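In this note's numbering, the protein residues as written are 5 to 161.
Just below is one structure, and these are the notes that go with it.
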């Protein structure tokens, strides 16, 4: 039943009955498998993907690249745990390449995000530098198309 996770990623609101029909199992078996995946920590939670331009177009998202000094015996983990405790932080990821951590944040406006970076992130011990990239428009998130505008048949926007 490994397909259950893929189905739930596309539609977490699908009923256990529908899930069972798709997978060829009973409703009870589908429900039991979901409970098992949740109890084992494989499924961490469920979320809603929102089109902020329709819901709250004042919300600002940014990706912040952080270069940090890894700490003895714990590497990047302690810094990442400190960062992820802030309410503004949506996600924290360890990266390969030019920077160490990618931090996705959400704020009410540009100033809120800028203050968060300058007053909170950049002051954490071990943070060497930050680079902030504001997200101007979301087209697709978690496999779901956000922007469903019809394209011009002539190839123009």
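Glycine is no exception: its CB is placed at the ideal position from the N, C-alpha and C atoms.
In this text the structure is predicted, and so the values were computed from the model without any measurement.
Under the DSSP assignment, residue 132 falls in the beta strand (DSSP E) whose first and last residues are 131-139. Boundaries for residue 61: no beta strand (DSSP E) harbours it, and the DSSP string shows neither H nor E there. Positions of the alpha helix (DSSP H) runs, each at least 4 residues long and wholly inside the region 12-40, are given as 20-27 in order along the chain. Residue state for residue 142 is assigned as coil, using DSSP reduced to three classes. Rounded to whole angstroms, the gap between the alpha carbons of residue 115 and residue 125 is 14 angstroms. Excluding sequence positions up to five before and after residue 74, its CB lies within less than 7 angstroms of the CB of 80, all in the same chain and listed in chain order.
In this structure, residue 94 sits away from residue 135, with a CB-CB distance that is not shorter than 8 angstroms. Residue pairing for residue 70: DSSP places it in a beta bridge opposite 105 and 134. Assigned with DSSP and collapsed to three states, residue 80 falls in coil, not helix or strand.
Contact fails between the region 106-115 and the region 31-41, because fewer than three Cβ pairs, one in each stretch, are under 8 angstroms apart. Cβ contact annotation for residue 65 (same chain, cutoff 6 angstroms, sequence separation greater than five): 110 and 139, in chain order.
Across the set 63, 85, 62 and 12, the C-alpha of 85 shows the shortest separation from the C-alpha of residue 129.
Taking residue 145 as the centre and dropping the five residues before and after it, the same chain places the C-beta of 53 closer than 7 angstroms to its C-beta, in chain order. Residue 67 and residue 92 have their C-alpha atoms some 12 angstroms from each other. As a beta-bridge residue in DSSP terms, residue 95 pairs with 108.
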